[in-house]
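**Q**
4 protein chains.
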Amino acid sequence: MSGTIGNKIKMSIFGQSHANAIGVVIDGLEAGLKIDEEQLQNFLDRRSPGKDEFSTIRKEPDKVEFLSGLVNGKTCGAPICAIIKNTNVKKNDYKNFENIPRPGHADFTSFIKFGESMDKSGGAQFSGRMTAPMCIAGGIAMQQLKILGIDIIARIDEIAGVKGASMFNKITEAKKEGDSVGGVIKCEITGMPKGIGDALFGGIEGRISQSIFGIPAVKGIEFGSGFEGSQKRGSCNNDDFIAVDDEIKTVTNNHGGILGGISSGMPIVFRVAFKPTPSISRLQRSVNLKTNECVDIEINGRHDPCIVPRAVPVVEAMAAFAIYDMICE
Amino acid sequence: MSGTIGNKIKMSIFGQSHANAIGVVIDGLEAGLKIDEEQLQNFLDRRSPGKDEFSTIRKEPDKVEFLSGLVNGKTCGAPICAIIKNTNVKKNDYKNFENIPRPGHADFTSFIKFGESMDKSGGAQFSGRMTAPMCIAGGIAMQQLKILGIDIIARIDEIAGVKGASMFNKITEAKKEGDSVGGVIKCEITGMPKGIGDALFGGIEGRISQSIFGIPAVKGIEFGSGFEGSQKRGSCNNDDFIAVDDEIKTVTNNHGGILGGISSGMPIVFRVAFKPTPSISRLQRSVNLKTNECVDIEINGRHDPCIVPRAVPVVEAMAAFAIYDMICE
Amino acid sequence: MSGTIGNKIKMSIFGQSHANAIGVVIDGLEAGLKIDEEQLQNFLDRRSPGKDEFSTIRKEPDKVEFLSGLVNGKTCGAPICAIIKNTNVKKNDYKNFENIPRPGHADFTSFIKFGESMDKSGGAQFSGRMTAPMCIAGGIAMQQLKILGIDIIARIDEIAGVKGASMFNKITEAKKEGDSVGGVIKCEITGMPKGIGDALFGGIEGRISQSIFGIPAVKGIEFGSGFEGSQKRGSCNNDDFIAVDDEIKTVTNNHGGILGGISSGMPIVFRVAFKPTPSISRLQRSVNLKTNECVDIEINGRHDPCIVPRAVPVVEAMAAFAIYDMICE
Amino acid sequence: MSGTIGNKIKMSIFGQSHANAIGVVIDGLEAGLKIDEEQLQNFLDRRSPGKDEFSTIRKEPDKVEFLSGLVNGKTCGAPICAIIKNTNVKKNDYKNFENIPRPGHADFTSFIKFGESMDKSGGAQFSGRMTAPMCIAGGIAMQQLKILGIDIIARIDEIAGVKGASMFNKITEAKKEGDSVGGVIKCEITGMPKGIGDALFGGIEGRISQSIFGIPAVKGIEFGSGFEGSQKRGSCNNDDFIAVDDEIKTVTNNHGGILGGISSGMPIVFRVAFKPTPSISRLQRSVNLKTNECVDIEINGRHDPCIVPRAVPVVEAMAAFAIYDMICE
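Protein chains in written order, with the working numbering: chain S, 6 to 334; chain V, 6 to 334; chain Y, 6 to 334; chain X, 6 to 334.
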């Protein structure tokens, strides 16, 4: 089941990079929720390509169309379907690689799994383009969370291992050399009510992870002090409790807002590792799947030297969906 | 839903640290699978307490009893239920902390979620003890995977940030000072068939993560080059393809055996960050939940200065369950 | 979760009677399945309105458009999305009943559940029109089952309690009098492999029922000898086993091809009770939801005096989906 | 997945007729629910064997033991596990039929599905005995529903086609002749809040059916006027709305309390068809699965000439579970 996620609210993503459309069905939303379509479109525009020097030049408006589920801008209790038409489709760009899997891409595993029937155009259902429908569902969730006082803000924490203003230079350098870089996005959820989540498999960490790993190119996630915390002592990593104005908080937040899988009321904090964009124009080695011959390939076409900037709203979207789903439960 | 996980095969864990028993129901297993009960018991013994100087002195045999689902040592197509009786229960150990949440534990969030009805003894359903039934279900999965030629081996990669033989000294030091340490477990799955998994939410990373975050104290996970990979360039992180004896492999394995959520046939590799055991005997600050008064607490009782050594088979078990579930799909 | 069903293959229906479109996402289909779009369109045409004297005069082509999931007429492993645009929408027809629930319809319960946000046009997500996307998903399942040698054929068994040729007169009579009639559809699945299904909640009866009760206006289902069988003695209702050409069959088929929830290899037989179309033009009593005043209403508009003939392919579709989902598991 | 059902609350049944124990895990219950264990035991006793002349003489106390999930008689937020030990196990009774499937039983299909690994004793996981754990989960649900003002009462409506006091004679007659009879149970749910359920696959009919068909020997279900309603005209089957003391009701209840899958506030009414007990001591024809030879068999052993009386609390239990699950959603 590649495109479906959620318990109380189910998101079913469909589409491929070069299909007629991509989109999402959202089932289980309460009736009467106001959807601000303009705000949603703005949210999607944040992940749209072609905005700055770092992103691919495939310019598509990514205009959201609602096919069902809304009456006068409000949910009516029926599932929502929203689509984005694929308008700027150039299948030929990928013709050369039909039998030659690009390193770091899903071409090889996709061929193994789906065989000759796989969609060979532009990453198909593995494409970063599939994050647009994620942003539709997640963007709707964010609007509802906002009303509940919950804010989700992600930002770039590292690019190519560099934190700070100079990190963008890393993209420019890589681009110049036909290469790419990865990075880390940090996400913070504030205003989170206490007591959401559950023990063991019902924990927030697991639920958010499942959502976040649905984003192509994600290879790691950590909550609170995460990997760094594993190097500390308990006396240093434990967060003492204090009472502030009759509300119990923790002095520090190494637990990232989650204890025993359940929200503590402190901000939920997690970091997500993105691998460098696998599409690079430098020479790489691969194998022709028909002939088993080793070949050198050079990938020319439109692609981002770093997808991290465009992935920021996607991380927010998937976190929002996971949290909203848990709250609605 | 705190105790249930799996798609084709469902594991339902039950029990609390101080309930009459802990156990698991496994639904969806094919009939005719041979379960080697002795080997399973040995597997469980690897996570049992009281084996060495680093672990708690609560000694329990953790003897697995099958209530259903097996006929002459083979699955019969009906769900398996296996239990472990809780024999060495000292509720009094925890009496003092009834209203005072221990830092780093689930006491506070559990109280917020469940209120006065929460089980206040020894971590209840949040206890590390719940990993024993995980090992039953996972141990059974491992036996089946073994037959398919798939091996899952986890090992301690770091303790308190130290790799290598001296890392165990870190536990001894911490113990001496009434403190605790965390660490990282690395897990490798070899013999993995190509083509398992799916795009987006059906990916192996998400499925394994969901399982692994069910283990108490896990705060991070990364696949392949993970966070370190996010610091590299694409040209360095991409794994070139080569043909070796007519089989296509990758030269390196930064992708950790997973491309586009699907197995490539290379070993699946992931690392899991465990926080330091929250139970320490050093003075900590907390708040009385009834009076909102700040208090200092000292936790005396049986607990591990580092749970990482005992968590090794648990990581194997949960990885095995996730992989076996995906293969059975 | 109103629109989602299936375990291994998930169907997510969306749309309302008067939305921009209705449609379905099908997730979990294997790659490489050939979809005969013309045959599928023909299948859908069987449930289309406006074909004969008994059905509503709302004429819509109900043309299926695939947005994703197919490449050169074959599944590519990504979810399929198929839609039907709603072209012949007359919202005014329903304006008069906005606050007056029609007897036998979902208007009242829909208002209670969704409040003012409900979609008030033409039955919305409760409309018989939602059976069109069911036919898309089910029609695809039928094509795959056909290849496996499994045929699903439904037919009208009763109309208004009458079996046989004269039963259609019952529709004509009812129509003349501004009234409607119900009926029973019998469905037979032949070529069914033995051993599909499972005990208890995994049984075929439960799986088919869940699918069939998704069809609006269904109020009963029985398998094999069903209600009549409950009046018999065991000696009469039990089906003796015999060996015919080395294959074990039953002499009779009171069990309807299902024993212990599992297929026996005999044809699966079930009957489905449809209530009379609730839309009738005769005077009925209702209550204004705003004023609580009792009112008399007369429903003029387009509607079928009997939906049973058009429901035949829908029963086939939903049975096919349930069976195909179970087989794929 | 044979033993698992439920969305917000999951029931996982385990055990076989002759395993060490049968039982159930209930995951997802809120913390703080009071469970009256004595009342629950009384409820289970209603389905226990050996109470009257009509039922089998296998006398077992069916004593419920809670292994987890309760603290001081209240749910603590962890999954409940409750078991019943199998004490009166006579495997030999079934030895003779090991390779000869009993007509009307699951022996044949079970053999096809599970092969030699099937549990051959006393119906195994297909046994009526599995309804005891259903009564545990359902009995707990009923206690909670009671607090919400919802009552579920099932009663025998027909035995062998006869309604009324004389229907029990049918059992006596059948018993005398080594035969068995079936019947119909009618269930009524009163105090049901309006607005529970959803359109299409989220409808109450589908949810209750899925639960009820989990009970062995059920072959049909109908809601409200059901099959009889399919013989009526719309003008006769539609239920007019009226306002009584400012509350909107229907004059009649042919819709059985469900319109568009959603509760109307009128009693939910459904009828369930049970086939005659397949175990009869009269001569029947079968086939030896090893030799394919036709054989005559006579089943001596303990069995009910009619299971309908004992099934009454089971129908209540499964209806209660389905309704409670929907309400908790």
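Glycine is no exception: its CB is placed at the ideal position from the N, C-alpha and C atoms. All values reported here derive from a predicted model rather than from experimental measurement.
For H23(X), tell me which candidate among N77(V), G28(V), E35(V) has the shortest Cα-Cα distance.
**A** Numbered from its first residue, the fourth sequence carries residue 23(X) at position 18. Nearest option by C-alpha distance: N77(V).
**Q** Residues of chain Y with CB under 7 Å from M331(S), in chain order?
**A** Your numbering for residue 331(S) matches position 326 in the first sequence. What M331(S) touches in chain Y: nothing, since even the nearest Cβ is about 16 Å away.
**Q** Quick one: measure Cβ to Cβ for F333(S) and I14(S), integer angstroms, because I've assumed they're closer than 8 Å.
**A** Looking up residue 333(S) in the first sequence gives position 328. Looking up residue 14(S) in the first sequence gives position 9. The residue asked about is misnamed: residue 333(S) is Cys in this sequence, not Phe. The Cβ separation is near 6 Å, so the contact holds.
**Q** For V300(S), count neighbouring Cβ atoms within 10 angstroms of its own Cβ and tell me buried if that reaches 16, exposed if not.
**A** Position 295 of the first sequence, counting from 1, holds the residue named residue 300(S). Result: exposed.
**Q** State yes or no: is the beta carbon of Q21(V) nearer than 7 Å to at least one beta carbon in chain S?
**A** For the purposes of this step, residue 21(V) is identified with residue 16 of the second sequence, where counting begins at 1. Not closer than 7 Å to any Cβ of chain S, the Cβ of Q21(V) fails to qualify, so no.
**Q** Answer with yes or no whether the minimum CB distance from C81(Y) to chain S is below 7 Å.
**A** What you label residue 81(Y) is simply residue 76 of the third sequence in a count that begins at 1. Yes - at least one Cβ of chain S is within 7 Å of the one on C81(Y).
**Q** At a Cβ cut of 7 Å, what residues of the segment 117-131 of chain S count as close to chain Y, listed as they run along the chain?
**A** K118, F119, G120, S122, M123, D124, A129, Q130
**Q** Does S268(Y) come out as helix, strand or coil in the three-state DSSP assignment?
**A** Looking up residue 268(Y) in the third sequence gives position 263. S268(Y) falls in the strand class under three-state DSSP.
**Q** At 9 Å on the CB atoms, spell out the chain V contacts of I18(S), in chain order.
**A** Within the first sequence, residue 18(S) is the residue found at index 13, counting from 1. Correct list: L205, F206.
**Q** Residue range of the alpha helix (DSSP H) that L49(X) falls in?
**A** Within the fourth sequence, the letter at position 44 stands for residue 49(X). Taken as a continuous stretch (DSSP letters only), the alpha helix (DSSP H) holding L49(X) covers 42-52.
**Q** Among K254(V), I273(V), R134(V), which residue has its Cα nearest to the Cα of I263(V)?
**A** As a working note, residue 263(V) is residue 258 in the second sequence. Closest option to I263(V), Cα to Cα, is I273(V).
**Q** Report the option in S132(S), G82(S), G74(S) whose CA atom is closest to the CA atom of N91(S).
**A** Here residue 91(S) corresponds to residue number 86 of the first sequence, with the count starting at 1. Nearest option by C-alpha distance: S132(S).
**Q** For S216(X), return the contacting residues in chain V, with the cut-off set at a CB-CB distance below 8 Å.
**A** Here residue 216(X) corresponds to residue number 211 of the fourth sequence, with the count starting at 1. Chain V residues near S216(X): none, gap ~16 Å exceeds 8 Å.
**Q** Using a Cβ cut-off of 8 Å, pull out every chain Y residue sitting near T282(X), in sequence order please.
**A** Position 277 of the fourth sequence, counting from 1, holds the residue named residue 282(X). Those within 8 Å of T282(X) in chain Y are G239.
**Q** What is the DSSP secondary structure of C86(X), reduced to helix, strand or coil?
**A** Start at 1 with the first residue of the fourth sequence, and residue 86(X) comes out as number 81. Looking at C86(X) - three-state DSSP - the assignment turns out to be strand.
**Q** Do Q21(Y) and A137(Y) come within 7 Å of each other at the CB atom, strictly closer than that value?
**A** Within the third sequence, the letter at position 132 stands for residue 137(Y). Within the third sequence, the letter at position 16 stands for residue 21(Y). No.
**Q** Provide the residue(s) that pair with M135(X) in DSSP beta bridges, ordered along the chain.
**A** Locating residue 135(X) in the fourth sequence gives position 130, where the first residue counts as 1. M135(X) pairs with nothing; no bridge assigned.
**Q** How is the alpha helix (DSSP H) around T195(X) delimited, first residue to last?
**A** Taking the fourth sequence and counting its residues from 1, one reaches residue 195(X) at position 190. Premise fails: T195(X) lies in the beta strand (DSSP E), 188-195, not in any alpha helix (DSSP H).
**Q** Could you tell me how far apart the beta carbons of G231(X) and D184(Y) are, in whole angstroms, since I believe they sit closer than 8 Å?
**A** Here residue 231(X) corresponds to residue number 226 of the fourth sequence, with the count starting at 1. Here residue 184(Y) corresponds to residue number 179 of the third sequence, with the count starting at 1. Not confirmed; about 20 Å, so no contact.
**Q** If we cut at 7 Å on Cβ distances, does G37(X) have a partner in chain V?
**A** Counting from 1 along the fourth sequence, the entry for residue 37(X) is found at position 32. Yes, its Cβ sits closer than 7 Å to a Cβ of chain V.
**Q** Throw me the rounded Cβ distance for the V277(Y) and V189(Y) pair, which I believe falls under 8 Å.
**A** Within the third sequence, numbered from 1, the residue matching residue 277(Y) stands at position 272. Within the third sequence, numbered from 1, the residue matching residue 189(Y) stands at position 184. About 7 Å separates the two Cβ atoms, so the contact holds.
**Q** To which residues of the same chain is K175(V) closer than 7 Å at the C-beta, ignoring the five residues directly before and after it?
**A** As a position in the second sequence, residue 175(V) is number 170, starting the count at 1. Within the same chain, K175(V) has close Cβ partners I164, A165, V167, V186.
**Q** For chain S, is any of its Cβ atoms less than 7 Å away from the one on P72(Y)?
**A** Walking along the third sequence from the start, residue 72(Y) turns up at place 67. Here residue 72(Y) turns out to be Leu, not Pro, going by the sequence shown. True, the Cβ-Cβ gap to chain S drops below 7 Å.
**Q** My understanding is that I89(S) touches G143(S), with C-beta atoms under 8 Å, so please give their C-beta distance in whole angstroms.
**A** Translated into the one-based positions of the first sequence, residue 89(S) becomes position 84. Translated into the one-based positions of the first sequence, residue 143(S) becomes position 138. Actually they are not in contact, since the Cβ atoms of I89(S) and G143(S) sit about 14 Å apart, beyond 8 Å.
**Q** If you scan the segment 138-176 of chain X from start to end, which runs of the beta strand (DSSP E) of 3 or more residues do you find wholly inside it?
**A** 156-164
**Q** Anything in chain V within Cβ reach of R381(S), meaning under 8 Å, just list it in chain order.
**A** Look at the range of chain S in this structure, 6 to 334, and you will see that residue 381(S) is not part of it.
**Q** What runs of the beta strand (DSSP E), each 3 residues or longer, lie entirely inside the segment 267-332 of chain X?
**A** 273-279, 289-292, 299-302
**Q** Mind checking if P221(V) is an interface residue toward chain X, Cβ cutoff 7 Å exclusive?
**A** Mapped onto the second sequence, residue 221(V) falls at position 216. No, P221(V) lies away from the interface with chain X (no Cβ there is under 7 Å from its Cβ).
**Q** Output the boundary residues of the beta strand (DSSP E) element that contains K224(Y).
**A** Locating residue 224(Y) in the third sequence gives position 219, counting from the first residue. Note, K224(Y): beta strand (DSSP E), 223-228.
**Q** Which residue comes first and which comes last in the alpha helix (DSSP H) that contains E210(X)?
**A** Here residue 210(X) corresponds to residue number 205 of the fourth sequence, with the count starting at 1. Here the alpha helix (DSSP H) through E210(X) covers 209-217.
**Q** When DSSP labels each residue in this structure, what does G28(X) get in the three-state scheme?
**A** On the fourth sequence, position 23 is the one that residue 28(X) refers to. Looking at G28(X) - three-state DSSP - the assignment turns out to be strand.
**Q** Quick one: using the 10 Å Cβ neighbour count with 16 as the cut-off for buried, is E298(V) buried or exposed?
**A** Mapped onto the second sequence, residue 298(V) falls at position 293. E298(V) comes out exposed.
**Q** Measuring alpha carbon to alpha carbon, tell me which of T195(Y), F246(Y), H110(Y) ends up nearest K280(Y).
**A** On the third sequence, residue 280(Y) is found 275 positions in, with the first residue counted as 1. With distances taken between Cα atoms, K280(Y) lies closest to H110(Y).
**Q** Which partner residues of E70(V) appear in the DSSP bridge assignment?
**A** Numbered from 1 along the second sequence, position 65 holds the residue referred to as residue 70(V). Paired residue(s): I88(V).
**Q** Tell me which residue opens and which closes the alpha helix (DSSP H) that E233(S) is part of.
**A** One-based indexing of the first sequence puts residue 233(S) at position 228. Taken as a continuous stretch (DSSP letters only), the alpha helix (DSSP H) holding E233(S) covers 231-234.
**Q** Taking the continuous beta strand (DSSP E) assigned at I18(V), which residues delimit it?
**A** The sequence position of residue 18(V) within the second sequence is 13, counting from 1. Secondary structure note for I18(V): its beta strand (DSSP E) is the uninterrupted segment 15-19.
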